[in-house]
Amino acid sequence: MSSSVESLVNREYKYGFVTDIESDLAPKGLNEDIVRLISAKKGEPEWLLDWRLQAYRNWTRMAEPHNWPNISYEPVNYQDLRYYAAPKTTTPLGSLDDVDPKLLETYTKLGIPLSEQKLLAGVAVDAIFDSVSVGTTYKAKLAEQGIIFCSFGEAVREHPELVRQYLGSVVPAGDNFFAALNAAVFSDGSFVYIPKGVKCPMELSTYFRINQAETGQFERTLIVADEGAGVSYLEGCTAPKRDANQLHAAVVELVALDDASIKYSTVQNWYAGDADGKGGILNFVTKRGKCAGTRSKISWTQVETGSAITWKYPSVILQGDDSVGEFYSVAVVNNRQQADTGTKMIHVGRNTRSTIVSKGISAGRGQNSYRGLVKVLPRAANARNYTQCDSMLIGNRCGAHTFPYIDVQNASSSTEHEASTSKIGEDQIFYLKQRGLNTENAISMIVNGFCKEVFKELPMEFAVEAQKLLGVSLEGSVG
Amino acid sequence: MSATRVQQRDAIPLAPSGPGWLEPVRRAAGALFARTGFPTQRDEEWRFTPVGPIATVAWQRSPTTPGAADRTALAAFRFGQPEWFTLVFVDGVFSEELTTIGPLPRGARVGSLRAALEEGGDLLRDHLTRHAPTDASGFTALNTASFTDGGLVYVPAGADLDRPVHLIFVTTSAAADAALHLRNLLVVERGARANVIESYVTLAPGTRYLANLVTEVSVAAGSWLEHTRIQRESERAYHIALTHVDQHRDSHYRSFSMALGGALARHNLHARLNDENVETLLYGLYLTRGEQTADSHTAIYHDHPNCRSWEVYKGILTDRSRAVFNGKVFVKPEAQKTDAKQTNRNLLLSDTAKVDTKPQLEIFADDVKCTHGATVGRLDDVALFYARSRGIGAEAARRLLIYAFAAEVIDEVALEPVRLELDRLVLERLGTVG
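For the protein sequence lines, the chains are W and E, in the order given. Heads up: the first sequence runs through residues 1 to 479, numbered per this note's numbering. Heads up: the second sequence runs through residues 1001 to 1434, numbered per this note's numbering.
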């Protein structure tokens, strides 16, 4: 049994190829001139440059967090990175017809339905290659309903008033070390605006790809759902295999006004490094949503299987009365992967509700931590939180940790937290085997059952992908 | 040198003379404290605990002549049977006169730590300062450097100390602005059995003082110990305590920690499971009012396989008071078949009270059963309605439910007179909860 299992775990990271493409690179290092260079390359207005410079100055006064997260890594040498890498093209990118065929080939390899005729179920995609957005599909169709879905750079040019109003309103430029770094050097990302009363007719999607060596990727996503609007957004990521760690420090901001709802789903499959923990992506991401309006709703779903190190806490500020926040997460660590992930639910408004379901799976020598905060402020009468975080350990060289913080300042609120740790039972496997399933399938079934509550929150295509990913990153470690 | 540092250094009283082996330990602890000082809220372990004010007070050395306390005044704090072993310390000084010690099993010892130190012997050398790590915090270091006295309970192998030991630490107005550093040592040898109660009480409810306490507990193979702690300090006092328990094979340790008093009360309870098949039960109850802060930090170290730990802490908060709970469970890779369950439940009775709870599991073994749960909430409306529909008045129904919430954990105490006393204290407090 274990030989077939072995082959599964040793399966190659299938997205580890490099695309040989000419790139426009900024010199290594970070200083005010680099910030100015990035801003100039993107032809940004004065206010945005000032915002970046302010963030850069904040960043220089901050320290890389090493004390509190339950992860260990060599401090990043920020002067040895390139902060801008763009596929070289002669014409400005915009329509898919202008895109280098090699790039399109890359995306085809990744299985992204970038060319519109190949689109299956109508997923509009914004693809980010290194630092630059290479094409947004279905744009015209969305525009008919007034939906803006474009690269961040384009949004700055075409809709400066919207960007200026919401940029940094949820994750301020000086929020934390990595958010400040991102604010200073972010090169592109996606921008979504759903106008009043519009329910986005298709799922929107971004695919991130790091190609260039020695670069960091710092994209920024901003999604605004106006009153009564609704949108479901998907995000996926891959990177080539390299021996050195690569930094990914993204920021995602969500704003939901009255009665609006945003659903944000992530399947994160960055290169995780090899079995000895060499290489891999350092995934240091700040994601936060603000339920600014009454009865608004923000829901995060994430399946985290990749990255050498994951440090992310998709959060919701429940500001509007009766607003709802949700967080569904599956985090898998194998080999030497480390994950410190969870969420923050900040209850500000009355009758606000939040649900947290976190499933952590640790295998190999992986270390998996759930870190969460549920805060109920004095005004948040009748606030309600339910948290469930379960861990599964496979083997005794891995670890599962939970650090839930619960701060309550309102007597009419109610919070519940439950956590459990277990292993895959011999008896469960035995039962399934005597029903005719082989060990692999039995384990796959048990693990998928363990994660079911989260997978059912994912849009269908993603749920299928997530289940497959789980199989790849995990099964081999059960013996 | 900052003003705060100077005051911190002055807070170290002169240690009493003791055996030669203790001197270097004390000196090292004093040096450690001089380097680190008191913890601050920048330390993760003390993040929610406002210890800042402690470092700004110029604490006096503990009084050498204690205040007035007599048997009549102390009657309110005694419970159980008169023949229980009762040790009384007034303002940190052992009172021979108020103490009752009957005939002991052969080889057993119940008395003042200071007297035992003056006598010397191997018992203290093997245990005193050997369990609680000096670097647990600045407070522990300061205690190790400066403890003046405390209770000593030694139960030899196979003995059953059939009468409980009650250690009563009482403060009077003479302790105003003093820092008391006391250390207890409880050693229960192989196959022995004991029941020990620590009470921290006051005759001067408005007095401000610092009680800095460390209790070291050794529970040897196959032994059984029930350990109750009742903290009813002055509501202006600072009470900082560490209980460190070392457990060995097949032993059973159960603790009940009740916090009622103090402006700021912090109790750290660490249980280290040093061998297989150990059972550890930790129960706690904190009732806070006014501007009080009650902080319970527990840590259970599952270092070996086949052990079981079970923890339930409950809190009832009103007014502008605050509670902090942090429960850690560490399971080492070799600690397979660990069964650990931890629960923290809080009842908020006012909109201005605040709870910070952080149950924390760190698990490195796969074949384990570990769960934790934490809740913060109010009284159940349905239960209130049910009680009222049965003809119980609104206020009575409220008190009944609050009492039931507390009673659930008090019921876990094995020794009946202790259970009744804890019950009485809850009811007494509920009378003023309103």
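For every residue, glycine included, the Cβ atom is placed at its ideal position computed from N, Cα and C.
Per-residue DSSP class, three states only, for residue i
i: His401 (chain W); result: strand
i: Val9 (chain W); result: Residue confidence is low: Val9 (chain W) scores 41 on pLDDT, short of 50, so the model does not pin down where it sits. No coordinate-derived value is stated.
i: Ala1211 (chain E); result: strand
i: Arg1399 (chain E); result: helix
i: Val376 (chain W); result: strand
i: Asp33 (chain W); result: helix
i: Phe1139 (chain E); result: helix
i: Ile1410 (chain E); result: helix
i: Lys278 (chain W); result: coil
i: Gly449 (chain W); result: helix
i: Leu93 (chain W); result: Legend: pLDDT at Leu93 (chain W) = 46, less than 50; position of this residue unreliable, no value from coordinates given.
i: Gly1049 (chain E); result: In the sequence as displayed, the identity of residue 1049 (chain E) is Thr instead of Gly. Coil at Thr1049 (chain E), not helix or strand.
i: Gln467 (chain W); result: helix
i: Phe1147 (chain E); result: coil
i: Arg1424 (chain E); result: helix
i: Met460 (chain W); result: helix
i: Gly1327 (chain E); result: strand
i: Phe1089 (chain E); result: strand
i: Trp47 (chain W); result: helix
i: Val1433 (chain E); result: In this prediction, Val1433 (chain E) scores a pLDDT of 47, lower than 50, which makes its location untrustworthy; the coordinate-derived value is nonetheless stated afterwards. Val1433 (chain E): helix per DSSP, three-state reduction.
i: Ile443 (chain W); result: helix
i: Gln1060 (chain E); result: strand
i: Gln434 (chain W); result: helix
Cross-chain neighbours of residue i in chain E, by beta carbon under 8 Å
i: Ala482 (chain W); result: The structure shown does not extend to residue 482 (chain W), since chain W spans only 1 to 479, so no value can be given for it.
i: Gly399 (chain W); result: Glu1362, Ile1363 and Phe1364
i: Pro378 (chain W); result: Asp1351 and Thr1352
Contact set for residue i: own chain, Cβ-Cβ below 6 Å, skip 5 residues either direction
i: Tyr73 (chain W); result: Ile309
i: Trp1084 (chain E); result: Arg1163, Pro1164 and His1166
i: Ala1365 (chain E); result: Val1331, Pro1333, Ala1335 and Gln1336
i: Ile361 (chain W); result: Val332 and Met392
i: Arg288 (chain W); result: Val170, Val171 and Ser315
i: Glu1279 (chain E); result: His1252 and Arg1308
i: Leu1384 (chain E); result: Ala1397
i: Gly425 (chain W); result: none
i: Leu49 (chain W); result: Ser39
i: Trp1310 (chain E); result: Leu1281 and Lys1341
i: Thr1343 (chain E); result: Val1312 and Gly1373
i: Phe1256 (chain E); result: Thr1228, Tyr1283 and Val1413
Identity of the residue in the options nearest residue i by Cα
i: Thr1099 (chain E); options: E:Gly1107, E:Val1090 and E:Pro1105; result: E:Val1090
i: Asp225 (chain W); options: W:His248, W:Ala173 and W:Leu162; result: The sequence as given places Ala at residue 225 (chain W); Asp does not occur at that position. Comparing Cα positions, the closest option is W:Leu162.
i: Glu144 (chain W); options: W:Pro195, W:Ala419, W:Asn410 and W:Phe462; result: W:Pro195
i: Gly1431 (chain E); options: E:Leu1074, E:Pro1417, E:Glu1408 and E:Leu1400; result: E:Leu1400
i: Leu470 (chain W); options: W:Tyr271, W:Val454 and W:Val447; result: W:Val447
i: Val1025 (chain E); options: E:Thr1040, E:Arg1125, E:Ala1116 and E:Gly1037; result: E:Arg1125
i: Ile1363 (chain E); options: W:Phe462, W:His401 and W:Thr343; result: W:His401
i: Lys480 (chain W); options: W:Trp59, W:Trp300, W:Tyr193 and W:Asp274; result: Not covered by the structure: residue 480 (chain W). The range shown for chain W is 1 to 479.
i: Gln79 (chain W); options: W:Pro69, W:Thr60 and W:Pro65; result: W:Thr60
i: Gly153 (chain W); options: W:Leu167, W:Gly399 and W:Asp188; result: W:Asp188
Beta-carbon neighbours of residue i, restricted to chain W and to distances below 9 Å
i: Phe1522 (chain E); result: With chain E running from 1001 to 1434 in the structure shown, residue 1522 (chain E) is simply not present.
Chain-ordered chain E contacts of residue i [CB-CB under 9 Å]
i: Leu393 (chain W); result: Ile1363, Phe1364, Ala1365, Asp1366, Asp1367 and Val1368
i: Phe450 (chain W); result: What Phe450 (chain W) touches in chain E: nothing, since even the nearest Cβ is about 14 Å away.
i: Trp68 (chain W); result: Glu1044
Where residue i meets chain W, residues with beta-carbon distance less than 8 Å
i: Gly1373 (chain E); result: Glu416, His417, Glu418 and Ala419
i: Gln1336 (chain E); result: Asn396
i: Lys1358 (chain E); result: Phe403, Pro404, Tyr405 and Ile406
Own chain partners of residue i with C-beta closer than 7 Å, once the 5 adjacent residues on each side are dropped
i: Ala1176 (chain E); result: Thr1207, Arg1208 and Tyr1209
i: Leu480 (chain W); result: Past the boundaries of the shown model lies residue 480 (chain W); chain W is included only from 1 to 479, so the question cannot be answered.
i: Gly122 (chain W); result: A caution first: Gly122 (chain W) carries a pLDDT of 42, below 50, which makes its placement in the model unreliable, though a value can still be read off. Here the set comprises Met202.
Beta-carbon contacts of residue i that lie in its chain and below 8 Å, excluding the five residues immediately before and after
i: Pro1082 (chain E); result: Thr1100
i: Lys423 (chain W); result: Met392, Leu393 and Ile394
Partner residues on chain W for residue i, Cβ-Cβ distance less than 7 Å
i: Pro1333 (chain E); result: Asn396 and Arg397
Partners in chain E for residue i, counting only beta-carbon separations shorter than 7 Å
i: Ser72 (chain W); result: None at all; the shortest Cβ gap to chain E is about 14 Å.
i: Lys423 (chain W); result: Asp1366 and Asp1367
Practice task
Please list the segments of the alpha helix (DSSP H) lying wholly inside the region 1232–1285 of chain E, counting only runs of 4 or more residues, in order along the chain.
Solution key: Here no run is fully enclosed.
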